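To start, the structure itself, in structure tokens.
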Amino acid sequence: MLLRATGYKSTKQQRFRIYLTNSLEEHHPDTGTLFASWLSSEANEANHIKRDTPVMVVLGNPPYSVSSSNKSEWIEKLMVDYKKNLNEKNINPLSDDYIKFIRYGQYFIEKNGEGILAYISNNSFIDGIIHRQMRKNLLETFDKIYILNLQCCGF
């Protein structure tokens with residue numbers, strides 16, 4: 019309704035491209051009928067986006083959870099890039115969901131060859147000792163990195 023109020027005219031019935039899915043899971047084969055046809059259709063459309071659609075911008079405010087229950091094999095394989103060669107006793111904080119979402123976004127931008135990753139997130143990765151491989155990996159992937167750290171200002 020807001021779009022129509024600003025003069026937008028749709029040429030066909032089109033949905034906003036927002037899908038119900040777990041972003042930290044890889045696409046799945048055809049899901050068939052799960053609980054209802056609308057849910058099956060939603061899952062199939064989300065899988066198409068994950069598998070076949072170039073992602074130019076990843077934008078979000080990921081959850082922060084060191085005790086993450088998002089442990090799919092797909093995201094855990096991607097996280098190896100941030101955890102290798104650390105020789106630290108406790109690397110569990112690298113399993114925080116916000117770090118997984120950064121890696122998720124990085125994956126899709128890498129896959130596309132260009133794009134923008136923009137998150138409001140925790141700032142522990144900026145200078146955390148165990149985050150050095152993460153920073154190195156991000157610096158190797160992106161041409162430019164801009165960080166606006168609001169933590170320093172006492173907000």
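In the working numbering, the protein residues as written are 19 to 173. All C-beta atoms, glycine included, are put in the ideal place defined by N, C-alpha and C. Keep in mind that this is a model prediction, so the values were computed, not measured.
Excluding the 5 residues flanking residue i on each side, which residues of the same chain have their C-beta closer than 7 angstroms to its C-beta?
i, result
"residue 141", "167 and 169"
Whole-angstrom Cβ separation of residue i and residue j, contact assumed at under 8 angstroms?
i, j, result
"residue 135", "residue 127", "6 angstroms"
"residue 43", "residue 92", "6 angstroms"
"residue 156", "residue 163", "6 angstroms"
"residue 76", "residue 123", "4 angstroms"
Would residue i count as contacting chain D if we go by Cβ distances under 8 angstroms?
i, result
"residue 30", "Structure shown: chain D not included; a single protein chain is present."
Suppose you measure from the CA of residue i to the CA of residue j; what does that come to, to the nearest Å?
i, j, result
"residue 130", "residue 144", "25 angstroms"
"residue 35", "residue 41", "14 angstroms"
"residue 59", "residue 66", "11 angstroms"
"residue 151", "residue 33", "40 angstroms"
"residue 108", "residue 160", "27 angstroms"
"residue 88", "residue 94", "9 angstroms"
"residue 31", "residue 37", "17 angstroms"
Taking the CB atoms as reference points, tell me whether residue i and residue j lie closer together than 8 angstroms.
i, j, result
"residue 39", "residue 64", "yes"
"residue 125", "residue 78", "no"
"residue 115", "residue 86", "yes"
Which residues in the same chain have their Cβ closer than 8 angstroms to the Cβ of residue i, if we skip the five residues on either side of it in sequence?
i, result
"residue 97", "112, 113, 117, 118 and 121"
"residue 146", "111"
"residue 106", "147 and 148"
Please return the same chain residues whose Cβ sits closer than 6 angstroms to the Cβ of residue i, not counting the five positions on each side in sequence.
i, result
"residue 28", "none"
Examine the Cβ distances between the stretch 113-121 and the stretch 58-75 and report whether three or more of them are shorter than 8 angstroms.
no
Count the C-beta pairs between the stretch 97-109 and the stretch 79-88 that are closer than 8 angstroms, then say yes if the count reaches three, no if not.
no
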